[in-house]
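Protein chains in written order, with my numbering: chain A, 7 to 642; chain B, 57 to 582. Only one structure is covered here, and it is reproduced in the block below.
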Amino acid sequence: MSFLVLIPLLPLLGFLINGIGFRRIPKNLVGIIGSAGPVAAFALSVYAFISFQAQGSAPIHVHLFDWITVGTLNIPFAFQIDQLSLLMLLIITGVGSLIHIYSVGYMHHDEGFGKFFAFLNLFLFFMLLLVMGSNFVIMFIGWEGVGLCSYLLIGFWNKNTNYNNAARKAFIMNRIGDLGYLLGIFLIIQQFGAVEYAVVFEKAATMAVDSPAIVAITMLLFVGAMGKSAQIPLYTWLPDAMAGPTPVSALIHAATMVTAGIYMVIRSNVFYSLAPDTLDLIAIVGLATALLGASIGLFQNDIKKVLAYSTVSQLGYMFLGLGVMAYSPSFFHVMTHAFFKALLFLGAGSVIHAMSDEQDIRKMGGLRHKLPVTFATFVVATIAISGIPPFSGFFSKDDILANVYQHSKIMWGLGVLGSVMTSFYMFRLLFLTFFGTFRGTKQQEHHLHESPLSMTLPLVVLAVLSAVGGFLNVPEALFGSMKLSGFMAPLYELAAKANPVAFAHQHLSHTQEYVLMGVSVGAALLAALGAYVVFVVKKSVPAADGQETGLQKLVYNKYYVDEAYDAIFVKSMRTASDLAYSFGEFMIDLVVNGTGKVVKNAAAKLRLLQNGATSFYVFMMVLGITVIMLWNFWIK
Amino acid sequence: MNLLSLLIFLPLFGAALVLFLPASQTKYFKWITLGFCAVELLAAAVVYHYFDLSNPSFQFVEQTDWITLSLGSLGAVSIDYLLGIDGISLPLVLLTGVVMLVGAVSSWQITSRQRAYFSLYLLLTASIMGCFLALDFFLFFLFFEFMLLPMYFLIGLWGGPRREYAAIKFFLYTLLGSVLILVVMIALYLSAFDPYSSLNAQTIVHTFDLRYLADGHNYLPNSLLNGLSAHQIMGLDARLFLFLVLFAGFAIKLPVVPFHTWLPDAHVEAPTPVSVVLAGVLLKIGGYGFIRIAYNIFPDAAAEYATLLGILGMVSIVYGGFNALAQSDLKKMIAYSSVSHMGFVLLGVASLTPEGLNGAVYQMVSHGVLSAMLFVVTGVLYDRTQNRQIEAYRGLAKPMPAYTTLTAICFFASLGLPGFSGFVGELFTLMGGFQSEFMPKWIATASTLGIVLAAAYFLWTLQRMFFGPLWTQKGVESLLADLTPREKIMLLPLAALTLVLGLFPHFIFDITSATITEFLKKFSLN
Chain A
7 MSFLVLIPLL PLLGFLINGI GFRRIPKNLV GIIGSAGPVA AFALSVYAFI SFQAQGSAPI
67 HVHLFDWITV GTLNIPFAFQ IDQLSLLMLL IITGVGSLIH IYSVGYMHHD EGFGKFFAFL
127 NLFLFFMLLL VMGSNFVIMF IGWEGVGLCS YLLIGFWNKN TNYNNAARKA FIMNRIGDLG
187 YLLGIFLIIQ QFGAVEYAVV FEKAATMAVD SPAIVAITML LFVGAMGKSA QIPLYTWLPD
247 AMAGPTPVSA LIHAATMVTA GIYMVIRSNV FYSLAPDTLD LIAIVGLATA LLGASIGLFQ
307 NDIKKVLAYS TVSQLGYMFL GLGVMAYSPS FFHVMTHAFF KALLFLGAGS VIHAMSDEQD
367 IRKMGGLRHK LPVTFATFVV ATIAISGIPP FSGFFSKDDI LANVYQHSKI MWGLGVLGSV
427 MTSFYMFRLL FLTFFGTFRG TKQQEHHLHE SPLSMTLPLV VLAVLSAVGG FLNVPEALFG
487 SMKLSGFMAP LYELAAKANP VAFAHQHLSH TQEYVLMGVS VGAALLAALG AYVVFVVKKS
547 VPAADGQETG LQKLVYNKYY VDEAYDAIFV KSMRTASDLA YSFGEFMIDL VVNGTGKVVK
607 NAAAKLRLLQ NGATSFYVFM MVLGITVIML WNFWIK
Chain B
57 MNLLSLLIFL PLFGAALVLF LPASQTKYFK WITLGFCAVE LLAAAVVYHY FDLSNPSFQF
117 VEQTDWITLS LGSLGAVSID YLLGIDGISL PLVLLTGVVM LVGAVSSWQI TSRQRAYFSL
177 YLLLTASIMG CFLALDFFLF FLFFEFMLLP MYFLIGLWGG PRREYAAIKF FLYTLLGSVL
237 ILVVMIALYL SAFDPYSSLN AQTIVHTFDL RYLADGHNYL PNSLLNGLSA HQIMGLDARL
297 FLFLVLFAGF AIKLPVVPFH TWLPDAHVEA PTPVSVVLAG VLLKIGGYGF IRIAYNIFPD
357 AAAEYATLLG ILGMVSIVYG GFNALAQSDL KKMIAYSSVS HMGFVLLGVA SLTPEGLNGA
417 VYQMVSHGVL SAMLFVVTGV LYDRTQNRQI EAYRGLAKPM PAYTTLTAIC FFASLGLPGF
477 SGFVGELFTL MGGFQSEFMP KWIATASTLG IVLAAAYFLW TLQRMFFGPL WTQKGVESLL
537 ADLTPREKIM LLPLAALTLV LGLFPHFIFD ITSATITEFL KKFSLN
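Written out as structure tokens, the structure is:
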């Protein structure tokens, strides 16, 4: 299986060629080189998937070389290919290829075309490393690497200061999460003396449920996931990250990188299954993020911002699922979300492209006539994300919510509330953009056009996947056979042995499942209807900036969380650094220079004793002798 | 002549050559310096080639009686010309070879008093090499002191506007460090003896041989520093006290907060090549001194004070980071980032774990490469506009794309991005601190704040200077030409080196591992 090495290597090659030669290589060739790597990697991933199943689905370990050996610790550079990494490979290279092809059209007029493809290829390389690595250190290398690419691509148009701020914010916020991850690795090394998944999990499985080390490790790793997967409190970078070109938002900030946290938790499911307290925390954070993101999404007017908060919210659902140990359903949602959210972003890109870089939905409207393909695919994605059957989002979200229901009915209720909001903001977006009459300038209207084939083709492919992707894992209540869950089941065998109680829960009866489905689908449909009434029938358009009132204003301004972070963390950091420099350094130098001055002044005074006058020396000598005599006779 | 002696005498010979050539040959001085530095690096590479990686003890040992004085009833004193190299010094010798060569290329723009400059530069090279190779404490001290002289003049004569203040501050600070080291040297002299010569000579032969000093058996019974005697100085056990004194001596060099304030001043005033050498290798002598001398001679005290030293490392990391964030002068920002990055060295050393110590040596090499690169980067801009203020520029990416790319690589490598050397150094020193049985975990945990700070100050600087629309404070846009071939010759190999070291860290770890495993046997929890 040594061809597996080629999967990350091909995009790396693309990066090197385009990165070094982007000024000399003609544009058409750049696009071909840039896209060829991912497409070939996808073909290899499919081949790997097939041969993996043919081999009887045992994890494949590919040892490349020993990276570092220090003391008793050995960190090999090796890949582990199993169900989880294969599925991730397919998503990353598959969706990645589509987005590369799309970018050929989307970025065609950009002067940084070659640089863009180089960065995008580099991102794929690190993302593949992240999911293929066989130990926590390789995962961390990928983890930080995708952070770098995210930084480079968010700030891709680096002439704009706001974009640069967004890029920097993303990197630093991710770094804060990475600290948690790093400390988690340190604890793992200390506890198990290794970083290889196989070794670590084997040992971890013998530990007791709720043992402090495991709880600490899971918590620290989850801090890393909060950063990368934009969960409360480290989520504010993701909406800002929309400053990057739209294909970047689709690939990195929707389909792949932001799901790294979910990948990590499923990868470490042995740890998490042994730490119910951490799981509870994850469920609460996930649910809160899902609701927060959805609520902010209700009032955003920037097409990409709506989608960004929607991503935050959907990631919250995935963590909610993880928190109730619904690992496979969460991953199922990662997959369907990759399809429909990538589609939504690419669709938004197509709209922005047509609208001459306008992103405000208040200035759109009626686009369905001019952009039929974009419109049709956008509708599919909207239905999918809103959880309306038979499109993919319904199956994955329903799967998560059914598991949540068994865990806690209140959480389920809040989860449904979130999906109501999801349905509302998504249909609001759809109606404001594609229905009604055009609200932009004459110039924009004149320029409106459907995107070229390189852009619409990926839209169509993703639309098909969003439509039928759900059938990968149809529940038994709907006469399915849970194929995906069955495929992923071997991943949890070790965890189930370590903590059998956690895995032994009863299944819902089919009647219960029908009721749950009915409620959530009904609620989503009602929300869609509500949006239709408000934005199509009544033709209302959101207020202009600064005219929001009350609660709406609070939500529109994202609950002022950014401002609060700025005041609490950024300001205090600045204050601390100013204090260190102006006070700390001043005090130290005061002592240093003070010592110097004292010595200098003392020397200046003492120098006067050496005045060269013999009589003075004789006088001092006599004085000295007298003092010594007095000391000896009288005082002593 | 032995290879190690060659490493020391080759640059000395070069210095003499520059000194005695007639003034009409001035134009060749830089070429001579460059040539000697290149041969020096080659010689270091030859040492590496013949070095036995599995052997933990000193290799290429070279010993000649130098001074032997009979002091009658007090015994005799023997000072040897004693050189040797092991897994701890070899990486630093190689680093010195690289950095001095880069410094030589960077010295190209020195136009005034070339004879003095280049002979001092070669003299400095010789003394640095001597520090890393000497195994006799006296000889080490000699080289250590000898570095001061060229350094003082290189800053004081070729430096910026406040060069005199900076040079004298550097000189006095370091001299204070030397005095502290000297005090301990005298105490050691009084306490330790050479077991073999003493046996033969029927009298006590005092020694400065670091190999003997490291062995507790070679201390006179009831002498000041014998582990079993109960001498006290200022209420502290004599060994503990003198360890602290020795530590402080090297802490000034590293530098450790609060002994660091000479460094930003020295860097700001020093010409680019001197900054390159100062950050690239001189600071490493502090870290090397900890391991080779302080820890080697006082393992008991090092274990005792591990927590204190770890905290000092942490404070350097965090405090240095905060200070870097506050700077408006690019060079000063980098100087403070050096303080922060050298804090990782102290943390790693203090941890007394294989991860920590290997990581510390690695971090020294990595920082040597990266800081050399950072100061060259600063020099590039300063050469063009004589202005290093971060706020004076915006959007440099436009006129200087190659410069921007290399700066970005350098910044990301410095902030510890995986793939580059900075990451491995920080990872292992932090891991060492975290695993250490000698210090509590919160120290390493708090130190991780340093890597967030590094991301903050490097990225903020990158954004402020290189991104956005092009703008300069004094309208010097026309001066902003992209990298010249000479600058590329310096920056590209350094960038390649940090990448290679980051991808294949075992290149360093293979050298250090055996020696450090042996070294750590001296330390145990009591």
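Note that the Cβ used here is the ideal one computed from N, Cα and C, for glycine as well.
Exercise. Among all the DSSP beta bridges, which residues are the ones paired with residue 110 of chain A?
Worked result: Position 104 of the first sequence, counting from 1, holds the residue named residue 110 of chain A. DSSP, once it has assigned bridges, lists no residue as partnering residue 110 of chain A.
Exercise. Where does residue 627 of chain A sit, in a helix, a strand or coil, going by DSSP?
Worked result: Locating residue 627 of chain A in the first sequence gives position 621, where the first residue counts as 1. Residue 627 of chain A falls in the helix class under three-state DSSP.
For this session: Buried or exposed for residue 446 of chain A, please, with buried defined as at least 16 other CB atoms from any protein chain shown within 10 angstroms of its CB.
Result: Position 440 of the first sequence holds residue 446 of chain A. Label assigned to residue 446 of chain A: buried.
Exercise. Name the chain A residues whose beta carbon is nearer than 8 Å to that of residue 516 of chain B?
Worked result: As a working note, residue 516 of chain B is residue 460 in the second sequence. By Cβ distance, chain A contributes 174.
Exercise. Counting only beta-carbon atoms, is residue 586 of chain A nearer than 9 Å to chain B?
Worked result: For the purposes of this step, residue 586 of chain A is taken as the residue at position 580 of the first sequence. Cβ-Cβ to chain B under 9 Å: yes for residue 586 of chain A.
Exercise. In terms of alpha-carbon separation, which member of A:128, A:610 and A:442 lies closest to residue 6 of chain A?
Worked result: The requested residue 6 of chain A does not occur in the structure, where chain A is confined to residues 7 to 642.
For this session: Check residue 59 of chain B in the structure and name its three-state DSSP category.
Result: Taking the second sequence and counting its residues from 1, the one referred to as residue 59 of chain B is at position 3. In this structure, residue 59 of chain B counts as helix in the three-state DSSP scheme.
Exercise. Do you know offhand how far residue 357 of chain B's Cα is from residue 296 of chain B's?
Worked result: On the second sequence, residue 357 of chain B is found 301 positions in, with the first residue counted as 1. On the second sequence, residue 296 of chain B is found 240 positions in, with the first residue counted as 1. C-alpha separation (whole angstroms): 5 Å.
Problem set entry | Selection from A:361, A:34, A:221 and A:98 that minimises the alpha carbon distance to residue 49 of chain A | The residue given as residue 49 of chain A occupies position 43 in the first sequence. The residue with the shortest Cα to Cα distance from residue 49 of chain A is A:98.
Exercise. If we ignore side chains and look at the alpha-carbon of each, how far apart do residue 362 of chain B and residue 401 of chain B end up?
Worked result: Within the second sequence, residue 362 of chain B is the residue found at index 306, counting from 1. Within the second sequence, residue 401 of chain B is the residue found at index 345, counting from 1. When rounded, the distance between both Cα atoms is 13 Å.
For this session: Run down chain B in chain order and give the residues with a C-beta less than 8 Å from the C-beta of residue 582 of chain A.
Result: Start at 1 with the first residue of the first sequence, and residue 582 of chain A comes out as number 576. 378, listed in chain order.
Exercise. Helix or strand or just coil, what does DSSP make of residue 582 of chain B?
Worked result: Counting from 1 along the second sequence, the entry for residue 582 of chain B is found at position 526. Only weak support is given to the placement of residue 582 of chain B: the predicted model assigns it a pLDDT of 46, under 50, and the question is left unresolved by the model.
Problem set entry | Cβ-Cβ distance between residue 381 of chain B and residue 509 of chain B below 9 Å | Reading the second sequence from its first residue, position 325 is the one you call residue 381 of chain B. Reading the second sequence from its first residue, position 453 is the one you call residue 509 of chain B. Against a cut-off of 9 Å, the Cβ pair of residue 509 of chain B and residue 381 of chain B comes out as a contact.
For this session: Name, please, each residue of chain B whose Cβ falls closer than 9 Å to the Cβ of residue 150 of chain A.
Result: Residue mapping note: residue 150 of chain A aligns to position 144 of the first sequence, counting from 1. Within 9 Å Cβ-Cβ: 472, 473, 474, 475 and 479.
Exercise. Helix, strand or coil for residue 70 of chain B per DSSP?
Worked result: Counted from its first residue, the second sequence places residue 70 of chain B at position 14. Of the three classes helix, strand and coil, the one that applies to residue 70 of chain B here is helix, per DSSP.
Problem set entry | Where residue 67 of chain A falls: helix, strand or coil (DSSP) | On the first sequence, residue 67 of chain A is found 61 positions in, with the first residue counted as 1. Residue state, collapsed to three classes: strand.
Exercise. Residues of chain A with CB under 9 Å from residue 569 of chain B, in chain order?
Worked result: Within the second sequence, residue 569 of chain B is the residue found at index 513, counting from 1. Going along chain A in sequence order, the residues near residue 569 of chain B (Cβ under 9 Å) are 75, 76 and 77.
For this session: Could you please give me the residues that DSSP links to residue 72 of chain A through a beta bridge?
Result: Looking up residue 72 of chain A in the first sequence gives position 66. Looking at the DSSP assignment, residue 72 of chain A forms a beta bridge with A:82.
For this session: Can you grab the Cα-Cα spacing for the pair residue 63 of chain B / residue 202 of chain B, in whole Å?
Result: Here residue 63 of chain B refers to the residue found at position 7 when the second sequence is read from its first residue. Here residue 202 of chain B refers to the residue found at position 146 when the second sequence is read from its first residue. Roughly 16 Å between the two C-alpha positions.
Exercise. Since residue 133 of chain B sits in a beta bridge, which residues does DSSP pair it with?
Worked result: Along the second sequence, read from residue 1 onward, the residue named residue 133 of chain B stands at position 77. Beta-bridge pairing links residue 133 of chain B to B:125 and B:262.
Problem set entry | Residue-chain proximity (residue 196 of chain A, chain B), Cβ-Cβ < 9 Å | On the first sequence, residue 196 of chain A is found 190 positions in, with the first residue counted as 1. Chain B contact via Cβ: present.
Problem set entry | Within chain A, partners of residue 507 of chain B - CB distance below 9 Å | For the purposes of this step, residue 507 of chain B is taken as residue 451 along the second sequence, with counting starting at 1. Going along chain A in sequence order, the residues near residue 507 of chain B (Cβ under 9 Å) are 181, 184, 185 and 188.
Exercise. Going by other Cβ atoms of all chains shown within 10 Å of its Cβ, with 16 needed for buried, is residue 582 of chain B buried or exposed?
Worked result: Here residue 582 of chain B corresponds to residue number 526 of the second sequence, with the count starting at 1. Unreliable positioning characterises residue 582 of chain B in this predicted model, as indicated by a pLDDT of 46, which lies under 50. A coordinate reading is not provided.
For this session: Tell me residue 214 of chain B's beta-bridge partners as DSSP assigns them.
Result: The residue labelled residue 214 of chain B in the question sits at position 158 within the second sequence. According to DSSP, which records beta bridges pairwise, residue 214 of chain B is partnered with nothing at all.
For this session: Give the straight-line distance between the Cα atoms of residue 248 of chain B and residue 234 of chain B, rounded to the nearest whole angstrom.
Result: Here residue 248 of chain B refers to the residue found at position 192 of the second sequence. Here residue 234 of chain B refers to the residue found at position 178 of the second sequence. So the alpha carbons of these two residues sit roughly 20 Å apart.
For this session: Any chance you could list the alpha helix (DSSP H) runs of at least 4 consecutive residues sitting entirely within the stretch 407-487 of chain A, in chain order?
Result: 415-440, 448-453 and 459-474
Exercise. At least one CB of chain B closer than 9 Å to the CB of residue 165 of chain A: is that the case?
Worked result: Along the first sequence, read from residue 1 onward, the residue named residue 165 of chain A stands at position 159. Interface residue, yes.
For this session: Within 10 angstroms of the Cβ of residue 265 of chain B, are there 16 or more other Cβ atoms? Answer buried if so, exposed if not.
Result: Within the second sequence, numbered from 1, the residue matching residue 265 of chain B stands at position 209. Residue 265 of chain B should be labelled buried.
Exercise. Which of helix, strand or coil does DSSP assign to residue 365 of chain A?
Worked result: Taking the first residue of the first sequence as 1, we reach residue 365 of chain A at position 359. DSSP places residue 365 of chain A in coil when its eight states are reduced to three.
Exercise. Below 9 Å between beta carbons: does that hold for residue 321 of chain A and residue 295 of chain A?
Worked result: Numbered from 1 along the first sequence, position 315 holds the residue referred to as residue 321 of chain A. Numbered from 1 along the first sequence, position 289 holds the residue referred to as residue 295 of chain A. Going by C-beta atoms, residue 321 of chain A is nearer than 9 Å to residue 295 of chain A.
Problem set entry | Neighbouring residues, chain B, relative to residue 154 of chain A (Cβ below 8 Å) | Your numbering for residue 154 of chain A matches position 148 in the first sequence. Going along chain B in sequence order, the residues near residue 154 of chain A (Cβ under 8 Å) are 468 and 473.
For this session: Sort A:27, A:497 and A:176 by Cα distance to residue 208 of chain A and report the nearest one.
Result: Walking along the first sequence from the start, residue 208 of chain A turns up at place 202. The option with the nearest alpha carbon to residue 208 of chain A is A:497.
Exercise. Is residue 462 of chain B closer than 9 Å to residue 521 of chain B when the C-beta atoms are compared?
Worked result: Mapped onto the second sequence, residue 521 of chain B falls at position 465. Mapped onto the second sequence, residue 462 of chain B falls at position 406. For residue 521 of chain B and residue 462 of chain B, no; Cβs fall outside 9 Å.
Exercise. What residues are listed by DSSP as bridge partners for residue 520 of chain B?
Worked result: Residue numbering aside, residue 520 of chain B sits at position 464 when the second sequence is read from its first letter. According to DSSP, residue 520 of chain B bridges with nothing at all.
For this session: Closer than 8 Å by beta-carbon distance: list the chain B residues that pair up with residue 246 of chain A, in chain order.
Result: Position 240 of the first sequence holds residue 246 of chain A. Result: empty, since nearest Cβ-Cβ is about 14 Å, beyond 8 Å.
Exercise. Under three-state DSSP, which class holds residue 540 of chain B?
Worked result: Within the second sequence, the letter at position 484 stands for residue 540 of chain B. The answer is coil: DSSP assigns residue 540 of chain B none of H, G, I, E or B.
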